[in-house]
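Step one of this worksheet: look at the structure below.
4 protein chains.
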Amino acid sequence: MPRLALYRLPMAHPADLSALRALLAAGEVAARDIRAIIGKTEGNGGLNDFTRGYFTQSLMLLLAGYTGETPAELAARLPCVLSGGTEGVLSPHYTVFAAVPGGAPGAPGLAIGTAFSPPMLPWQVGRRAQILAVAAAVGAAMAAAGIASPADVALVQVKAPAVQPAALRPEDPAPRSTAAGPAMAYSRAAAALGVALALGEVPADAELEAALLADFSLFSNRASISSGIEVVANEVVVFGQAAGWAPGPRLAVRPLADALDLPGICAAFTAAGLPATPQLTAADQARLGCVLVKGEPDRRGTVRGQRHTMLGDTDLDPQRHLRGALGGLVAGVAGDGRLFVSGGAEHQGPEGGGLIAVFAT
Amino acid sequence: MPRLALYRLPMAHPADLSALRALLAAGEVAARDIRAIIGKTEGNGGLNDFTRGYFTQSLMLLLAGYTGETPAELAARLPCVLSGGTEGVLSPHYTVFAAVPGGAPGAPGLAIGTAFSPPMLPWQVGRRAQILAVAAAVGAAMAAAGIASPADVALVQVKAPAVQPAALRPEDPAPRSTAAGPAMAYSRAAAALGVALALGEVPADAELEAALLADFSLFSNRASISSGIEVVANEVVVFGQAAGWAPGPRLAVRPLADALDLPGICAAFTAAGLPATPQLTAADQARLGCVLVKGEPDRRGTVRGQRHTMLGDTDLDPQRHLRGALGGLVAGVAGDGRLFVSGGAEHQGPEGGGLIAVFAT
Amino acid sequence: MPRLALYRLPMAHPADLSALRALLAAGEVAARDIRAIIGKTEGNGGLNDFTRGYFTQSLMLLLAGYTGETPAELAARLPCVLSGGTEGVLSPHYTVFAAVPGGAPGAPGLAIGTAFSPPMLPWQVGRRAQILAVAAAVGAAMAAAGIASPADVALVQVKAPAVQPAALRPEDPAPRSTAAGPAMAYSRAAAALGVALALGEVPADAELEAALLADFSLFSNRASISSGIEVVANEVVVFGQAAGWAPGPRLAVRPLADALDLPGICAAFTAAGLPATPQLTAADQARLGCVLVKGEPDRRGTVRGQRHTMLGDTDLDPQRHLRGALGGLVAGVAGDGRLFVSGGAEHQGPEGGGLIAVFAT
Amino acid sequence: MPRLALYRLPMAHPADLSALRALLAAGEVAARDIRAIIGKTEGNGGLNDFTRGYFTQSLMLLLAGYTGETPAELAARLPCVLSGGTEGVLSPHYTVFAAVPGGAPGAPGLAIGTAFSPPMLPWQVGRRAQILAVAAAVGAAMAAAGIASPADVALVQVKAPAVQPAALRPEDPAPRSTAAGPAMAYSRAAAALGVALALGEVPADAELEAALLADFSLFSNRASISSGIEVVANEVVVFGQAAGWAPGPRLAVRPLADALDLPGICAAFTAAGLPATPQLTAADQARLGCVLVKGEPDRRGTVRGQRHTMLGDTDLDPQRHLRGALGGLVAGVAGDGRLFVSGGAEHQGPEGGGLIAVFAT
């Protein structure tokens, strides 16, 4: 039976797949077992961040040489979830998630399942069509993983398409927004509420499209979303407990109340079996498999009552501000900068906060 | 006998002195008792950050209305140490340090003393002349405070001048550097080694000018330096124990090994009587007086063996990267973003690291 | 009778008024004759650009020493129109406009008139209230100048308030936008249509509030607007022909079709008596009094059919892009970087374009 | 006999080769005839600009499908000269230069020749080894083109390697600089003096290594250099007159005195047969083949005596400033933003200036 395996690998630049190439060449990882890649590249994280697409193209070229598919075929079935922006102490890296055969049966293990929605047309992004497409893809990914119930889902990671202005055609309906920030935010928001819908975290009859970026009382505590122009469909990766999987890594997911929620961060590490007192021991650092974090510049302009300057800065994008700060905090606990910290946590965790997921091996 | 008092005040923008104005109007602070101001403004923290000068001008205008001096006279005797850059969760604020009469005698208390070096000529910045000028000013500030020995000095905060290209005249010797980053770094480095010299942390016969930005084995564990074009002299503020001062706030100063040194940060808070477990309790947050932190993007390109991207980023200044990350980490412990976090810790604490000072009331 | 006089002065930094100080000290300019200041400071030009406020504070302090008013009184009657951002070859500078007595009668001369609207509340910015307030102030400024008819108005320069998030109070109605870019854009748009209304360039019964940032067929060909948080009222400066003024400088104002409209730029210089063939001669450069330019990144994403990247850049603000490019073009014609080039030409000139005003002495 | 042909093509993003793909598919261009690609991508133009590498990877993948080589083999023989940064009105695009057979004999035509130097080791960049390697490659490229004499060379375009920090190994000698700006500048400087040496524009016995970024009286009036981490060798493209080539496009190259040298720009267009009066006519715009421009922020801090702010800006890279301004100026003359405008003109044209090359078809 399959067992989930994680490989957290460094990259020297966005096209550097040498670490994975070495594992494949040595036979330590089989290309056909790879289910998803989640990583951080060193771009600006915005609409015009092309480091994500550059990594994706390089990855698919490498793996296509092993699987016999074309790079395009591979890109249409293998989720590659990249978040740009390694501000501060964050370190460019990627985690390869594989389903390795031959796992020993035992208690239900941590399963991975993936699915792609149909490609989104520009005008569908940030609208009801995307919400429903993501919700359906979450269901498909659960089925692929053999996860029986929404209650067994621990985390849903989505890479959602952002509207690429160059892709617009005059005959198309207008997109929700072509401004760089909102174009990405609406896509994240729709994907987050799509996850919430699939997991039953919001009422099935809620007016979800109207709630996007408006009603932040609706959110998922298990959704982590990145958006970008390098994908055209919603790429969904679901993690959860399933009977058909051998015990493997441990995964703890916790909401974050705000960008200063050090207790929440420590709780997630501890729940994953890596006690933070306040920093992981060296031995536990070696067992750290992957950390995913979402957060956002609080739109009310303050954090715990003190004014922040993230939202009105003409020089530095708000999400770059946020990733630097939240990344610095989580890295201090982990003792390690190889973290997937992503800005824009709209409808992902409570307003002004976000969530953290810790994989321990 | 005097007692040190601290007032940590918010600012709505760099010219907003309304909080101090209210304290002065209410008689809660007497202008003549104010010894120094240390704060963070929301500029870029670089050579062309004018938020520092704007705050200083506004401050001196306000206080001059009380002391009877001209703003220029006041600016020449009252240190106003500003660091630009409130990346991430950092919150613009300033701390007013006052020597309040009528303190109750007791054990030696925390004293404050200040001094100004003569104005520096552009070519003197980052050279031996500045090192010696700072060392002399540290001695003068100790004397002003009544601090008997370098061993009794806890912290020296300096605002050092950076070369303003517009101030250069053809007849002057060339400055050490006019490039924005090095111009500020050399000034910080010279001031740091000036403090180290005054405190006996480096050999008196060391070739200090040659060591600037070159030999990082020479450093001070008690120096915190900011530089900027808004000052023309080295403005020095010394804190330490002195018999003539009533017991007042508690001050703990600790080196930071690197930008992930969460244990070191917690140790400093705990030593100041504010146990970090991992975050200060709400009660202890109310007793937090002021936090000063220095750090830097490790020039070796890695933090704990993992590559960082701070030094080669054409879009985002390395010090903005650093302040965001280190600020996020310390703010998580403090539960508060009103922190003086300043980048560029050359010769201030160990290489790649820095230091932290916590005042508790 | 009065004659308009212009003094274009350099600044070494945003608080450097030394050039005007020297003119005042020498008696070459009388403070009481000064009617307006229009200039460029070296900030980022955005919501968090404090170089404009710093210059204004410094200017009012200087002039108050001459006029006997307080700086606050002066700031409430003397327009100080600053645009941040000296990208590329643009050079920080300011032009002092004065009405000098003793002009020789002749043909109607170029007049200047100024007026302030009442202070705007945050929620009024970018709404009908601001449009009407600006229109009324334009009328008042015309009256102050003795300009008889809208047809005689050559140019209206306005500094309009942008919503300062820190100024919002919970009890106030919500502002039109608190996002940095739109907050400034709505204010510029409302002021532009206010000018258009006053000058009869749009129908008096048009639904102007609904047209803001939506219907770009409504615009003024004689409005140049900057917005910023450093002002609270709409500060209006009107230039035009009036019988009561002695012949003085010549002013030519022309619309710009787009950011490549070199023929339009040359036409404006030539109309001001400074033939551009293609660059001004050295003799004519000495007669150049002041140049005001508005332009914008074309919101359709192309310039003359070729894709531009100004609007989707996460690193560099669109207006910084625009000012650099348009500034470089006009500076090439003028042979001089001391130009007031300002981004955000919403409803000021044709869509995607803007306008240029050239004063020659 | 061969004839030089140019195809200036748009790109929707850095991996968009659709325009060239269409030409290849239609048989309008034969992959084997392509000699070089020169283009602009929409990155930041700095050390961490990966849009150049992304385009190169995409291009080589496309062409390898036609030539039967591997992408790596192709990349080692086909120069792909990319400059990042399309500030302001600049439009991402690339020009394909091909040697098309079957040209009609006539007067000596415009020839193209290319050569690669051996790969540079990091420590060789910005040193004598690079200067000599470029000089040798220029000679090889001339020979490949059949250009008989340095006097017949019109322009040498070089893409030179910048030191990639991740490529450094402990056992290597230290590189000239690892700081982002200087690392690129030293490489450009060495390549420029390598061209100057090959063309006899500097004395053969000059101390060229010592002159790099120090003695700007040594320069080439025919060298245009870009540097970047995406190449490992110096890739050289030489254009000039040769007897073995059929008459083809016309090429005019002129130095630029400074960033305001509009007369110099107009002269280059006019010399190429495209009179600028001041803007090209629509008919002549259709004949515009390719424009290459180099310029730089004047290191003396002024342009024609007026202070500029490009060099001390912590927010915006000096070369981004420059490209925006110079690009805006040349685009105004061309009436077109598809220009290769590149910053950093060290030893390329006179100090503070640069050069312009105009191809007309």
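Those protein sequence lines, which keep their order, are chains W, X, P and G.
Going by the working numbering, the first sequence opens with residue 1, and the numbers climb by one from there.
Going by the working numbering, the second sequence opens with residue 1, and the numbers climb by one from there.
Going by the working numbering, the third sequence opens with residue 1, and the numbers climb by one from there.
Going by the working numbering, the fourth sequence opens with residue 1, and the numbers climb by one from there.
Beta carbons are placed, not taken as given, at the ideal position from N, Cα and C, and that holds for glycine.
Contact under 8 Å by Cβ, residue i with residue j
i, j, result
"G/G208", "G/L193", "Reading the sequence as shown, one finds Leu at residue 208 of chain G and not Gly. In contact: G/L208 and G/L193 (Cβ atoms closer than 8 Å)."
"P/W123", "P/D172", "yes"
"P/L329", "G/G305", "no"
"W/F50", "W/E235", "no"
"W/F239", "W/L339", "no"
"G/T314", "X/G343", "no"
"W/P119", "W/A233", "yes"
"G/A190", "G/V134", "yes"
"G/C266", "G/A259", "no"
"G/L355", "G/S177", "no"
"G/L322", "G/G295", "yes"
"P/G324", "P/E87", "yes"
"G/G301", "G/L311", "yes"
Contact list for residue i against chain P, beta-carbon separation under 8 Å
i, result
"X/H13", "F50, G53, Q164, A166 and I229"
"G/R304", "G335, D336 and G337"
Residue i at chain W interface by Cβ criterion, 8 Å
i, result
"X/E346", "no"
"G/D317", "no"
"X/E296", "no"
"X/P255", "no"
Proximity test, Cβ basis, 8 Å: residue i and chain X
i, result
"P/Q57", "yes"
Beta carbon proximity, residue i to chain P, threshold 8 Å
i, result
"G/T309", "yes"
"G/S91", "yes"
Proximal residues to residue i (C-beta, below 6 Å), its chain only, five neighbours per side dropped
i, result
"W/A272", "R250, A252, V358 and A360"
"X/F219", "H347"
"G/F216", "E351"
Best match in the options for proximity to residue i [C-alpha to C-alpha]
i, options, result
"W/L82", "W/A31, W/G295 and W/V231", "W/V231"
"G/A334", "G/G324, G/R320 and G/A286", "G/A286"
"X/R3", "X/L17, X/R35, X/A22 and X/A12", "X/R35"
"G/A5", "G/S227, G/T302 and G/E28", "G/E28"
"G/K159", "G/L311, G/R52, G/R323 and G/E42", "G/R52"
"P/E351", "P/D261, P/P203 and P/M184", "P/D261"
"X/D336", "X/T309, X/T302 and X/A283", "X/A283"
"X/A145", "X/P14, X/V237 and X/L74", "X/V237"
"W/R21", "W/A31, W/H13 and W/P14", "W/A31"
"P/S149", "P/A111, P/A162 and P/R307", "P/A111"
"X/S187", "X/A345, X/M11, X/A12 and X/M1", "X/A345"
Contact set between residue i and chain W, taken where Cβ atoms lie within less than 9 Å
i, result
"G/E42", "N48 and F50"
Cutoff 7 Å; reference residue i; Cβ partners in own chain excluding five residues on either side
i, result
"W/R8", "H93, T95, G289, C290 and R338"
Chain-ordered chain G contacts of residue i [CB-CB under 8 Å]
i, result
"X/A180", "L311, G312, D313 and T314"
"P/E235", "Within 8 Å Cβ-Cβ: nothing; P/E235 doesn't reach chain G, min ~25 Å."
Beta carbon proximity, residue i to chain G, threshold 8 Å
i, result
"P/R338", "yes"
"P/G332", "yes"
Interface residues of chain X facing residue i [CB-CB closer than 9 Å]
i, result
"G/G45", "T314"
Same chain, Cβ closer than 8 Å to residue i, five either side skipped, listed in chain order
i, result
"P/V89", "G327, G328, A331 and G337"
Under 7 Å from the C-beta of residue i: neighbouring residues of chain P
i, result
"G/G324", "E87, G88, H321, G324, A325 and G328"
Interface residues of the stretch 7-35 of chain W facing chain B [CB-CB below 9 Å]:
Looking for chain B here will not work: the only protein chains present are W, X, P and G.
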